[in-house]
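Scroll down for the structure; my scribbles are underneath it.
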Amino acid sequence: MARQNTLFKEAYNRYAARLKADTELPSEPEIAAELGVSRSTARAILMRLSDAGIILWNKRQKTVLRLPNEADFFPKEETDSLHDIIERSFMMRIMSDEAQPGMQINELELAREIGTGTSVVREFLIRFSRFGLIEKRPNSHWILKGFTSEFALELADVREMFELHSAAEFGRLPPSHRAWEDLKAIEREHHALLKDFDAHYRDFSRLDEKFHLLIHRASSNRFIADFYDVIAIVFHYHFQWNKAFARERNARAVAEHLDYIAALQSRDPQRIDAACRTHLASARQTLLQSIPQSTGDNTAGSAA
């Protein structure tokens, strides 16, 4: 329900921002298709607009009476982009204990779970199919595929190139940039995790994704941001396949993160580069070790 509420708020803000004074709005199915949400979500958006006196809703006629003001929108911190909502739901599925190569992903089920339209989910899945991580099958089904160590090494190479650039850019952000506050908050989350690590070390994957996404966003590079979707999928759900030494592995990663965060806060380019390289080398080794033996080859046992 919380996820669907976030979806509603995000879609409402998007649609409210598009309104033009003294215009007629289309039908609910058309609004749902335009926003990539379910009809029920579209109807809820219209009801809120009507209750706020922004539109006059009389049966099939929906007229814009006034443009929304700032108070009519949900606060930015209460909304995620539709892409983020779909990604989070998809990640939860493939990071579950049942996620294995050959697992089926159904567009209709995923869309119903999120509360959005199947076309938006399909577009999201198509983006990942370019990299061979999932494969389209008939009747709106997809198959989760494994990958070889060659694929993992190629991905690690690109990840390192992008993140070294993003980390350097992060260190050059002005002191007033919000990213520094976000980094401080993530640092506090790391320390909180360490306080009861034995009970919560499995929660590290979510924090890891959040930390690296913050770094990648500092680049303001659309290609790096787009590629991070694939990085998140591969570097996170494949870790779930190999649970051996998960506690030790995550403890090392937390320590490396804190060193990395301290380096970023120092703004010292050489220190940032060294901390970034150290952590990425560990991530490469962990990725290779997490590949099931049946899909790997002799390179899978090598370290970075």
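If you use full-length UniProt numbering, the sequence shown corresponds to residues 1 to 304, in order. Where a beta carbon is used, it is the ideal one built from N, C-alpha and C, also for glycine.
Next item on the list: To the nearest angstrom, report how far apart Ser50 and Trp57 are at their CA atoms.
Entry: 6 Å
Margin query: Which of the three DSSP states is assigned to Arg60 in this structure?
Written below: coil
Item checked: Where Ala2 falls, given that 16 or more other Cβ within 10 Å makes a residue buried -> Summary for Ala2: the model assigns pLDDT 43, below 50, so the residue's position carries little reliability, and this model does not support an answer.
Next item on the list: Count the other CB atoms, across all protein chains shown, that sit within 10 Å of the CB of Ala283; report buried if there are 16 or more and exposed otherwise.
Entry: buried
Item checked: Inter-stretch contact at 8 Å, needing at least 3 Cβ pairs: the region 207-224 / the region 170-187 -> yes
Note to self: Please report the straight-line C-alpha distance between Ile86 and Ile114, rounded to a whole angstrom.
What the structure shows: 7 Å
Note to self: Please report the straight-line C-alpha distance between Phe74 and Arg18, rounded to a whole angstrom.
What the structure shows: 15 Å
Note to self: Let me confirm a value: Gly102 is counted as buried when at least 16 other C-beta atoms fall within 10 Å, else exposed. Which label applies?
What the structure shows: exposed
Notebook entry, point to check: Exposed or buried, which one is Asn13 when buried takes at least 16 other CB atoms within 10 Å?
Noted result: buried
Note to self: Can you tell me whether Leu144 is helix, strand or coil according to DSSP?
What the structure shows: strand
Notebook entry, point to check: Can you tell me where the alpha helix (DSSP H) with Arg48 in it begins and where it stops?
Noted result: Arg39 to Asp51
Checklist line | Anticipated Cβ contact below 8 Å, Ser149 with Leu288, distance rounded | finding: 6 Å
Notebook entry, point to check: Alpha carbon to alpha carbon, what distance is there between Ala33 and Val254?
Noted result: 43 Å
Checklist line | For Leu264, the nearest candidate out of Leu193, Ala246 and Ala179 (CA to CA) | finding: Ala179
Check: In or out: His279 buried (at least 16 other Cβ within 10 Å) or exposed?
Finding: buried
Next item on the list: Return the residue from the list His257, Ala42, Ala16 and Leu164 that minimises the CA-CA distance to Glu70.
Entry: Ala16
Margin query: Per the DSSP calculation, Lys136 is bridged to which residue(s)?
Written below: Trp142
Item checked: Asn106 - containing beta strand (DSSP E), residue span -> Gln104 to Asn106
Checklist line | Top-ranked residue by Cα proximity to Ile134, from Ser119, Phe162 and Gln100 | finding: Gln100
Check: Does DSSP classify Thr23 as helix, strand or coil?
Finding: coil
Margin query: Is the beta carbon of Ala11 closer than 8 Å to that of Thr41?
Written below: yes
Checklist line | Straight-line gap, His141 to Gly53 (C-alpha atoms, nearest Å) | finding: 43 Å
Check: In the DSSP assignment, what are the bridge partners of Ile215?
Finding: Looking at the DSSP assignment, Ile215 forms no beta bridge with any residue, so it has no partner.
Next item on the list: Give me the Cβ distance between Val158 and Gly36, rounded to the nearest whole Å; I'm assuming they're in contact under 8 Å.
Entry: Not a contact, Cβ separation roughly 29 Å.
Note to self: Going by DSSP, what residue range makes up the alpha helix (DSSP H) through Lys76?
What the structure shows: Premise fails: Lys76 is in no alpha helix (DSSP H) and is neither H nor E.
Notebook entry, point to check: Can you list the alpha helix (DSSP H) stretches of 4 or more residues lying completely in the UniProt domain "GntR C-terminal" (154-282), in chain order?
Noted result: 178-195, 197-200, 204-217, 222-237 and 246-266
Next item on the list: On a CA-only basis, which of Leu183, Pro175 and Ser89 is nearest His212? Give me that one, please.
Entry: Leu183
Next item on the list: Tell whether a beta-carbon distance below 8 Å holds between Lys59 and Glu24.
Entry: no
Note to self: DSSP three-state label for Ile85, please.
What the structure shows: helix
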